[in-house]
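All remarks here apply to the structure that follows.
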Amino acid sequence: MMRNSCLVILALLLPVMAFANDNPALRDPVPMPLVTGTEEVNAPVFMPPYPGLIPNGADLVGDTVTIGTTWYESQHNGTIGRMLEKDANGYLQFVWMNGTNSGSTDRHVYYNYMDAEGIQGYPGFGTPVESSTRAGYTVMDVDHGGICFPGFHQSATNANFHTAVGADFFPHQGAFLISEPPWIMEGGTDIQAIWPRMMYDSEQVLHIIATHSHGVAAHPQRQWYITGEYNPLTYMVEYDAEWQLVGWTNDIAADVATSEVSNRVATAWMYCLDPAFPDTNAAATYSQMNNDVHMMIDDDGVDLNFENYFNLTQFHVANPLWLPDTTLANMDTIRAYTDLNLFIDQDDWVHCAFTCRSYFELEGGVSYWHPSIIWHWSEQFPGEFQTIHNAFDDWDWNYVDCGAWQVKAQNPSLGQDPETGYLYCMYHVYDVDTTALSAAGWPSGEIYISMSQDAGQNWSQGINVTRTVTPNGAPAGQCWSELTPSMAKLVDGACHIMYVVDRDAGFVVQTEGSWTFNGVKYHTVSVDDIPSTPLVPQWPEPGSLPLHVEHGPAVGIPGAGRYEIASDFDLAQNYPNPFNPSTTIQFTLDQVSNVTLQVYNLKGELVSTLANGAYGTGQHQITFDASGLASGVYIYRLDDGLRSISKKMLLIK
Numbered sequence: 011m012m013r014n015s016c017l018v019i020l021a022l023l024l025p026v027m028a029f030a031n032d033n034p035a036l037r038d039p040v041p042m043p044l045v046t047g048t049e050e051v052n053a054p055v056f057m058p059p060y061p062g063l064i065p066n067g068a069d070l071v072g073d074t075v076t077i078g079t080t081w082y083e084s085q086h087n088g089t090i091g092r093m094l095e096k097d098a099n100g101y102l103q104f105v106w107m108n109g110t111n112s113g114s115t116d117r118h119v120y121y122n123y124m125d126a127e128g129i130q131g132y133p134g135f136g137t138p139v140e141s142s143t144r145a146g147y148t149v150m151d152v153d154h155g156g157i158c159f160p161g162f163h164q165s166a167t168n169a170n171f172h173t174a175v176g177a178d179f180f181p182h183q184g185a186f187l188i189s190e191p192p193w194i195m196e197g198g199t200d201i202q203a204i205w206p207r208m209m210y211d212s213e214q215v216l217h218i219i220a221t222h223s224h225g226v227a228a229h230p231q232r233q234w235y236i237t238g239e240y241n242p243l244t245y246m247v248e249y250d251a252e253w254q255l256v257g258w259t260n261d262i263a264a265d266v267a268t269s270e271v272s273n274r275v276a277t278a279w280m281y282c283l284d285p286a287f288p289d290t291n292a293a294a295t296y297s298q299m300n301n302d303v304h305m306m307i308d309d310d311g312v313d314l315n316f317e318n319y320f321n322l323t324q325f326h327v328a329n330p331l332w333l334p335d336t337t338l339a340n341m342d343t344i345r346a347y348t349d350l351n352l353f354i355d356q357d358d359w360v361h362c363a364f365t366c367r368s369y370f371e372l373e374g375g376v377s378y379w380h381p382s383i384i385w386h387w388s389e390q391f392p393g394e395f396q397t398i399h400n401a402f403d404d405w406d407w408n409y410v411d412c413g414a415w416q417v418k419a420q421n422p423s424l425g426q427d428p429e430t431g432y433l434y435c436m437y438h439v440y441d442v443d444t445t446a447l448s449a450a451g452w453p454s455g456e457i458y459i460s461m462s463q464d465a466g467q468n469w470s471q472g473i474n475v476t477r478t479v480t481p482n483g484a485p486a487g488q489c490w491s492e493l494t495p496s497m498a499k500l501v502d503g504a505c506h507i508m509y510v511v512d513r514d515a516g517f518v519v520q521t522e523g524s525w526t527f528n529g530v531k532y533h534t535v536s537v538d539d540i541p542s543t544p545l546v547p548q549w550p551e552p553g554s555l556p557l558h559v560e561h562g563p564a565v566g567i568p569g570a571g572r573y574e575i576a577s578d579f580d581l582a583q584n585y586p587n588p589f590n591p592s593t594t595i596q597f598t599l600d601q602v603s604n605v606t607l608q609v610y611n612l613k614g615e616l617v618s619t620l621a622n623g624a625y626g627t628g629q630h631q632i633t634f635d636a637s638g639l640a641s642g643v644y645i646y647r648l649d650d651g652l653r654s655i656s657k658k659m660l661l662i663k
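Numbering of the sequence shown is given in the working numbering, commencing with residue 11 and proceeding in unit increments.
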């Protein structure tokens, strides 16, 4: 099937006429506050019991069970990370941030587990991981024979928060010993390196990335990296002597992934494209929406060098030379926004799923209210981006605000079923139907799952697995809003998901909605209930969108330094060759081009057109299926109108 690169053609849903500043479809770029957990929020409190177990007519896909509770519904600001895993013994292990009272004055990290028979260790409630003054924003990994290692930040010995890691005394016990990496000191003061994301590698080294919290919204933040190793004699994690600077960001979006079949480690984060960023002048603030995704992949997992990062997205900033045509001058009108997820599959390929929202630079950095796209990129097909979910269907008429740091489709989480090799992506979608908003006007979240049978080149249209529609104008206690979901990396015939069910839509810690007592849910969905079709349209199919505009400069293959940047017009030998019945043909373009890739028999007769259209700079792969052809020699020819290359291939049946 023909597949074109997404690195081509058209500005993203930008009206032909220039925007007016009073266009109701656009929102101003108001800086979003960075919530650390120190906040005490005075908001209305609605105590349980709440009506109904599930909304009338709800038809869940799969099964759910309550594993815990929390008043503090918001689990993370941006990238969520992994909050559950399934270990080799068949146990599911969970961590979450538990606000044990309203107002956020008491907040801790909690743990629960479920054995292979579905029996919980701490039924419906969980057990605390730490005994600090306050703690939260937790992720986890499982290693060393099933030991759970929660990562979080806590305020223990002074007012500042610091990254911490717990280690269960034995697998599935819930008795944790807590350690903190060395503090980062500046001018005799410890700074807050918090919101950790972490994962163990195949050598049992723990890789941690944390972000500096300075308390000023939209001010540049540093990101830090450190490793640790579990000492079974002390039952605690021991760390490097000091943290390593990763770089700068304006969003809490960093993530880390490790390989289970090699020593590879991947890290990614968002980098602001504002011209002066990251000037740290005390008065300087920058856009939280104007971001590229930066990535670094290390093959041996030792001495990571973050100067070897590459720019994954390479968005084109505005070019005033195109004015007065604002459609052309705005160049790319989407940007990476606040969350991403990294995953290394069983064949050792790095995958990144990330969220983009609209961004109009020449209009002062405004955006549409909530439209977004979840994209996928794979190291296996480095010149292409695939759409997982396109939530730009209502940009011109629906002005529902999803809340601080929120867009309509977001929070992707990737996993793989080792039996089939299929990839799965769980993500979060707000129901912005104007007849399904809370009494305060906030939309409720739903959980979706999409799957790919071809290593991420195509994705099925996501299925809503929660379907808990909030009644129109629902007061606090009657909303059904699934929030901050996380999925286990392992898909073993079922996707394993956890999330919070917020009984009043909106994040109360961002002054949205009211305090409610919310369940933390474990949700299992059989892969048999996740349809593989219909597929999400990929560019240039009807209904699809590209990542980049065609009138921008040529974009190199993501991963410069790891992949050769395209500088030639080239056609590779098909592989395998000879073949039966299918083979892969790869070609490289040095510029955006309209090309044809066609197959002829030795009589010169055209037998198949594999490509006919616009392709972006870089490498492209197309599969040729010759099931309907006879054995023999065939010629395949690449032509861009000015140049052509032909090669032979042999079909043997």
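Just so you know, even glycine gets a beta-carbon here, dropped at the ideal spot from N, CA and C.
Going straight from the alpha carbon of residue i to that of residue j, what length do you get?
| i | j | result |
| --- | --- | --- |
| F381 | I90 | Strictly speaking, residue 381 in this sequence is Pro, with Phe absent from that position. The alpha-carbon atoms of P381 and I90 are separated by roughly 20 Å. |
| T480 | K418 | 16 Å |
| P485 | G109 | 21 Å |
| N301 | Q233 | 15 Å |
| M508 | M57 | 23 Å |
| D97 | M209 | 14 Å |
| E190 | G155 | 22 Å |
| S368 | T343 | 6 Å |
| S141 | A166 | 8 Å |
| Y123 | V535 | 18 Å |
| M659 | S592 | 11 Å |
| S654 | L612 | 18 Å |
| C505 | N604 | 41 Å |
| G374 | F402 | 21 Å |
| L322 | H304 | 6 Å |
| Q629 | S641 | 29 Å |
| N340 | L372 | 6 Å |
| M93 | D310 | 26 Å |
| V565 | Q324 | 7 Å |
| D265 | G413 | 23 Å |
| N315 | R144 | 33 Å |
| Q471 | T543 | 7 Å |
| E522 | P242 | 44 Å |
| V617 | L652 | 22 Å |
| D538 | D73 | 13 Å |
Checking 9 Å against the spacing of the C-beta atoms, do residue i and residue j come in under that value?
| i | j | result |
| --- | --- | --- |
| A227 | W525 | no |
| I516 | S448 | Note that residue 516 corresponds to Gly in the displayed sequence, not to Ile. Contact: yes. |
| S223 | Q214 | no |
| A621 | I632 | yes |
| Y319 | G257 | yes |
| P192 | Y249 | yes |
| G487 | R513 | yes |
| F353 | L557 | no |
| L331 | A263 | no |
Say whether chain B places a C-beta atom closer than 9 Å to the C-beta of residue i.
| i | result |
| --- | --- |
| T89 | The structure shown contains no chain B; it holds only a single protein chain. |
Which same chain residues, not among the five before or five after residue i, have their C-beta less than 6 Å away from its C-beta?
| i | result |
| --- | --- |
| I693 | A question about residue 693 goes unanswered here, because the residues of the chain that appear run from 11 up to 663. |
| D580 | T598 |
| N400 | I383 |
| A126 | G100 |
| Y432 | M461 and Q463 |
| S656 | I645 and R647 |
| L187 | A177, Y245 and M246 |
| V55 | S112 and W525 |
What whole-angstrom Cβ distance do residue i and residue j have, given they're in contact under 8 Å?
| i | j | result |
| --- | --- | --- |
| Q608 | R647 | 5 Å |
| V275 | H217 | 6 Å |
| P41 | Q298 | 6 Å |
| E669 | Q85 | Past the boundaries of the shown model lies residue 669; the chain is included only from 11 to 663, so the question cannot be answered. |
| T619 | D649 | Not really, about 11 Å apart at Cβ, beyond 8 Å. |
| T337 | T365 | No, T337 and T365 are not in contact; Cβ-Cβ is about 24 Å, not under 8 Å. |
Just to confirm my understanding: we take residue i, look at its own chain, exclude 5 residues before and 5 after, and list those with CB closer than 7 Å. What are they?
| i | result |
| --- | --- |
| P586 | T593 |
| E50 | G113, S114 and T115 |
| V376 | L36, R37, D38, P39 and F370 |
| V643 | L612, K658 and L660 |
Among the residues of its own chain, which have a CB less than 8 Å from the CB of residue i, if the five just before and after it don't count?
| i | result |
| --- | --- |
| Q390 | D357, W359, A465 and G466 |
Three-pair Cβ contact test at 8 Å for the region 69-79 versus the region 406-415: Pairwise C-beta distances place the region 69-79 out of contact with the region 406-415, as fewer than three of them are shorter than 8 Å.
Segment contact flag, the region 190-210 with the region 167-175, C-beta cutoff 8 Å, min 3 pairs: Short answer: they touch.
Stretch-stretch touch, CB-based, cutoff 8 Å, three pairs: the region 287-294 with the region 261-273: These segments do not touch.
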